[in-house]
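A.B. asks:
2 protein chains.
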Amino acid sequence: MTKTESTKSRILDAAEQLFAERGFAETSLRTITTRAKVNLASVNYHFGSKKSLIQAVFDRFLQDFTKELSLELMTLEQLEPAQLEAEKLLNALIKPLLSLNSRRDNAISIFMRLLGRAYAETQGHLRRYVTEKYGHVLVRFTHLFQKAYPSLTIDQIFWRLHYMLGSMIFTLGGSEALRQISQADFNRDLGVEDVIKEMVPFLAAGMKA
Amino acid sequence: MTKTESTKSRILDAAEQLFAERGFAETSLRTITTRAKVNLASVNYHFGSKKSLIQAVFDRFLQDFTKELSLELMTLEQLEPAQLEAEKLLNALIKPLLSLNSRRDNAISIFMRLLGRAYAETQGHLRRYVTEKYGHVLVRFTHLFQKAYPSLTIDQIFWRLHYMLGSMIFTLGGSEALRQISQADFNRDLGVEDVIKEMVPFLAAGMKA
DNA sequence: ATCAAATCCAAACAACTGTTTGAAACATAC
DNA sequence: GTATGTTTCAAACAGTTGTTTGGATTTGAT
């Protein structure tokens, strides 16, 4: 059981990194198993197929994330509507994100990249899997926004949350590349945490608009 | 020359659709040529390679778009700083987008999807090609925002423009899927134009924040 | 130490990938 | 009409893909 666990998680580590870097189709099992230093066949042995491996990578990420997010939401759900502000709600989303990064290097970027790729899959089997299994926290998040800003229609909240999601996935997922550009253009370098801090007033203002 | 043009553009039509739907690596030349009803070898004959075909698809889109955008920017560049407002600048971006849609069905969504995929490529050869060839209009856009909001640092403008880009790519590129969800959840259906109109106050508020 | 289950591993599988080839079909000019 | 250049086409190329196989090796319980 000890050696097996090691093989399985070594595969997951290599896979999540490579999937985020290159995408799912562009990453071959041979590349994964070579980097993980395990035998090629062990992926099919432990996970059954490449498709299942992709889902397993998502599960490991989303379990960590949604567990922490759910706690944040619980405390917010006990507040009065007047006490709910956009900035507070955003922090409930950002805190679990930042704690991902303390666990593994570059985890925020990898997580966002994976999420983006999941949404980009238009045959949608992966997006459906993610939303069906973890969509309930997003629903709770939506309800909080409804309570905080009752003057907004439900459509407006729905779409604004997705504008926000788009900003986060795009800038955090592509942060290394964008930070490279930013540094080349005017020699300033912000860490991922700084980019997030810059993002809060932008998103909060949009939500309240 | 006439029959050739037809083959070449039939390939481009099929390719841009399939690339947007499934991605570059996930779309084989055989799938493209089958849908375009042309011979497999004609892609390499007319475009040289798959990589060049991808660039050709981008060129056709970006030429149309940047030409119109450039015109919009020219009129804005002659205004006084006090006359520049975020909403005006956003419309300069949105008008060329909407005119894409009038030329071909669903063009906005396809265009945004392609842009998103270009940015997602982390080896970055495609993003580099796009930014090198069409980055100058983005620079002009940045300068306009600087003139309009001189109190913002250049970093803030840079990142806020990318938050905006992320929102647009994510929601417009995935609009069919998101509209499906929206319709299923609360039986309201917005067209792409409506989603864009909803987006303007959100983005404008964020830019000014 | 013995047995059975779990895990690993090298090799092979068929299917698919982008690209090349050389001949056929076509168009255009003289 | 012949000759010339362009475009189409079926076939084959070498390389990569995910998956399977059957035997070796390791593991843990008795």
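Heads up: the sequence lines are chains A and B, in that order. Numbering of the first sequence is given in this note's numbering, commencing with residue 529 and proceeding in unit increments. Numbering of the second sequence is given in this note's numbering, commencing with residue 529 and proceeding in unit increments. Glycine residues also receive a C-beta, built at the ideal position from the N, C-alpha and C atoms.
(1) Going by beta carbon distance, what residues of the same chain come within less than 7 Å of L618/A, once the five residues before and after it are set aside?
(2) With 9 Å as the threshold, decide whether the Cβ of K736/B is near any Cβ in chain A.
(3) Could you tell me whether the Cβ atoms of T535/A and A564/A are closer together than 9 Å?
(4) Let me know the secondary structure DSSP gives E721/A once reduced to three states.
(5) From L625/A to M692/A, what distance separates their C-alpha atoms?
(6) What are the uninterrupted segments assigned as alpha helix (DSSP H) that are 4 or more residues long and contained completely in the stretch 657–737 of chain B, given in chain order?
(7) List, in chain order, every chain B residue whose beta-carbon is nearer than 7 Å to that of I697/A.
(8) Return the residues of the stretch 719–735 of chain A that lie within a Cβ-Cβ distance of less than 8 Å from chain B, sorted by chain order.
(9) Is the beta carbon of Y647/B within less than 8 Å of some heavy atom of the ligand HEM?
(10) Give the secondary structure of V566/A by DSSP, where H, G and I count as helix, E and B as strand, and everything else as coil.
(11) Could you check which residue in A705/B, I582/B and D683/B has the C-alpha nearest to that of E726/A?
(12) So for F552/B, helix, strand or coil by DSSP?
(13) Using only the alpha-carbon positions, how far apart do T615/A and T561/A sit?
(14) Would you mind telling me which residues of chain B sit closer than 7 Å to L783/A, beta carbon to beta carbon, in chain order?
(15) Measure how close the beta-carbons of V720/B and S637/B come, nearest whole angstrom, since I'm counting them as under 8 Å.
(16) Return no unless some Cβ of chain B is closer than 9 Å to the Cβ of H553/A.
(17) Using only the alpha-carbon positions, how far apart do T699/A and L706/A sit?
C.D. replies: According to the structure shown:
(1) Closer than 7 Å at Cβ, skipping near neighbours: V728, L731 and A732.
(2) yes
(3) yes
(4) helix
(5) 14 Å
(6) 682–701, 703–714 and 720–736
(7) Result: G694 and F698.
(8) Within the stretch 719–735 of chain A, the residues whose Cβ lies closer than 8 Å to some Cβ of chain B are V723, E726, M727, P729, F730, L731, A732, A733, G734 and M735, listed in chain order.
(9) Ligands displayed in this structure: none; no statement on the ligand HEM is therefore possible.
(10) In the structure shown, V566/A falls within a coil segment according to DSSP collapsed to helix, strand and coil.
(11) D683/B
(12) Three-state result, F552/B: coil.
(13) Here the sequence assigns Glu to residue 615/A, which means Thr is not the residue at that position. Roughly 43 Å between the two C-alpha positions.
(14) Shown here, chain A extends from 529 to 737; a query on residue 783/A therefore has no answer.
(15) 7 Å
(16) Residue identity differs from the one stated: residue 553/A is Ala in this sequence, not His. Yes, A553/A lies at the interface with chain B (some Cβ there is under 9 Å from its Cβ).
(17) 7 Å
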